[in-house]
Amino acid sequence: MSSNTRAIEREVQFGFLPAKKTEREFRFWDFLFIQIGFGIAAWCFLVGGYTGLVLNAQDSIVAILFGNAFPVFLIMPIAIYFARYGVETFIGFRSALGYLGSDAFFILFSILNLGWISISCFMIGESAIKIIGLVNGNEFWTSRNGGAPVFSLIAFAFSLFIAFKGPNAIKWFTRIGVPSIMLILIGLIIIIFIKEGFDKVFQLQPKQPYDTFARTMATAIEWNVGLGFSWLPYLGASSRLTVSEKVAYSGGFWGFGVLLNVAAIMGALTALLVGSTDPTDWMISFGGTGWGVLGLLLLILANTTSAVVLMYSQALSFKTLFPSKKWGWAIATTIPAGFLMLSPDFYDAYSKFLAFISFIMAVYSGIVIADYFFVKKQKINVRDLYRRGGVYQYWKGFNPASLVSFIVATVFYWTVYNPIKDEASTLFTYISAGIPTFFVALFVHYLAAKYIFKLDQDVESAQQSGVTQHG
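Per this note's numbering, the sequence shown starts with residue 32, numbered consecutively.
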């Protein structure tokens, strides 16, 4: 067995079993830097860019801060669950969703994760054709429909190779990628506030607002809400390794809910200045040929790191749930992302993707928060999380309360807003859709579990005075 294979197997075993107290090493600053390193990437700049295209600077800041921070505030308490019991996300969610219900959520997460991977890789392709364009390259290689997909797929294949090599390769690669994204962020801050000037930025008007301010603000908030809720399936992997529940909550909130907004806000202000949502355009516009190429190269490194981490996270979760499967099969679950890079269509539909994420993750967030805090009152049978056919079997592997909640919340969201067609009801302009959907899912799950199904698992959990913890 190679050293890479042994390292992967150790990580799978470590990810599968509850983390012991002696294995939990992340203190506040360690944990905060992990959230920042993973979170500040293409998606932050892009959501900021879209926001700055429809709102002025002041309103963009409001939409970003509220849209990102409030959903993170709502979901971050679930980090306490992972920190308390030391379990991974999709094992922990078995208590709320059932064994098969959690598997279904993993499949859904994997599909959505393909979207995040493709966004990162296609931005690499966009960066590559911009560099070739600066040296007057062939028309095909500077085209968004020709060169960009080719370079995206090359980046995808390279990222897949790094992810396949396992944690040792990833560790060294992230030491390059994380500083790259931080240099880009620092560069944008210097350009916006020193070169362009604070007053100039705050006098600019957006290029593509909707017909009314209410519709514009609600839509911009919805995009940012999508990013805020999107962290839900990633919380367990790192929160379970924190030294305390307080660190898991506060570090996660400050990382995902506060500091990531700096990148999004810089994206919004830059989009106002340049008139484009695409960070690859910003580099050339601000940096010219010399500094522009450097910025694009940093963007390539940063997004390659993001793609590698996303691929590895998905594969590791797959191996954790299905430990008998080979590592190659686990990595192969990310291959379908390549089909999304064959044209710029998916990349250009990022705002719709965000709104769809808002819908899915708002529903699941409401369900798991309701189940852990209000139905089970923070009492979980850890052994049965790992024993398929145990108390979390519910109905054929699914929690019927979560199924009812999912259906009702889905109907509510799509009645208020259609993210695919970008069609909004009148109600949407007052309340948006993602955050209200969270509360609909929360209340319906609570009522269904408590008063309709009255499941033995939930009654027993509520009556327990304590549970056995690993460690």
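All C-beta atoms, glycine included, are put in the ideal place defined by N, C-alpha and C. The structure displayed is predicted, hence computed values, not measured ones.
- For Lys161, the enclosing alpha helix (DSSP H) begins and ends at Tyr130 to Leu165.
- Taking C-beta atoms as the reference points, Leu272 and Phe121 fail to come closer than 9 Å.
- Apart from sequence neighbours up to five positions away, the residues of its chain that approach Ala393 with a beta-carbon distance below 6 Å are Phe260, Gly465, Thr468 and Phe469, ordered along the chain.
- Ile451 sits away from Leu143, with the two beta carbons spaced by 9 Å or more.
- A straight line joining the alpha-carbon of Phe76 with that of Ile483 spans about 44 Å.
- Contact check between the segment 209–225 and the segment 187–194: fewer than three CB pairs, one atom from each, fall below 8 Å, which does not count as touching.
- Within the same chain, and ignoring the five residues on either side of Ala179 in sequence, the residues whose Cβ sits closer than 8 Å to its Cβ are Phe153, Gly156, Glu157, Ala159, Ile160 and Pro375.
- Taken atom to atom, the span from the alpha-carbon of Ala249 to that of Val413 is near 41 Å.
- Cβ neighbours of Phe349 within its own chain (closer than 6 Å, five residues either side excluded): Ala361 and Thr364.
- The way I'd put it, the segment 404–419 doesn't touch the segment 281–293; fewer than three beta-carbon pairs between them come closer than 8 Å.
- DSSP places Asn199 within a helical segment (H, G or I) once states are collapsed to three.
- Close CB contacts of Trp313 within its chain, under the 6 Å cut and outside five residues either way in sequence, are with Thr301 and Val305 (chain order).
- Just so you know, the alpha carbons of Leu332 and Glu276 end up roughly 33 Å apart.
- Ile138 counts as exposed, since fewer than 16 other beta carbons sit within 10 angstroms of its beta carbon.
- For Trp426, DSSP records a beta bridge to Phe429.
- Contact annotation: Ser337 and Ala73 have beta-carbon atoms nearer than 9 Å.
- Contact between the segment 392–409 and the segment 470–480 is established, with three or more Cβ pairs separated by less than 8 Å.
- The beta-bridge partner set that DSSP reports for Phe260 is empty.
- Unbroken beta strand (DSSP E) runs of no fewer than 3 residues, entirely contained in the segment 194–257, are not found.
- Nearest to Ser344 by C-alpha distance, out of Gly68, Tyr265, Phe229 and Val422, is Tyr265.
- Under the three-state reduction of DSSP, Ala480 is assigned to helix.
- In the DSSP assignment, Ala401 falls outside any alpha helix (DSSP H), carrying neither H nor E.
- Judged by DSSP secondary structure, Gly359 falls within the alpha helix (DSSP H) whose first and last residues are Trp358 to Ala363.
- The three-state reading of DSSP puts Glu454 in strand, counting E and B together.
- Classified as buried, Asn292 has 16 or more neighbouring CB atoms from the shown chains inside 10 Å of its CB.
- Contact between the segment 60–69 and the segment 215–224 is absent: fewer than three C-beta pairs spanning the two stretches fall below 8 Å.
- For Thr82 against Trp254, the beta-carbon gap comes to about 7 Å, under 8 Å, which counts as contact.
- For Glu56, there is no enclosing alpha helix (DSSP H), as DSSP marks it with neither H nor E.
- One Cα belongs to Trp172, the other to Asp309, and the distance between them is close to 18 Å.
- Residue pairing by DSSP places Asn449 opposite Glu454 in a beta bridge.
- Looking from the CA of Ser126, the closest CA among Ile462, Gly421, Leu458 and Phe437 belongs to Gly421.
- Its Cα nearest to that of Pro240, the residue Leu86 stands out among Glu170, Ala432, Lys52 and Leu86.
- Between the alpha carbons of Tyr425 and Gly132 lies a gap of roughly 10 Å.
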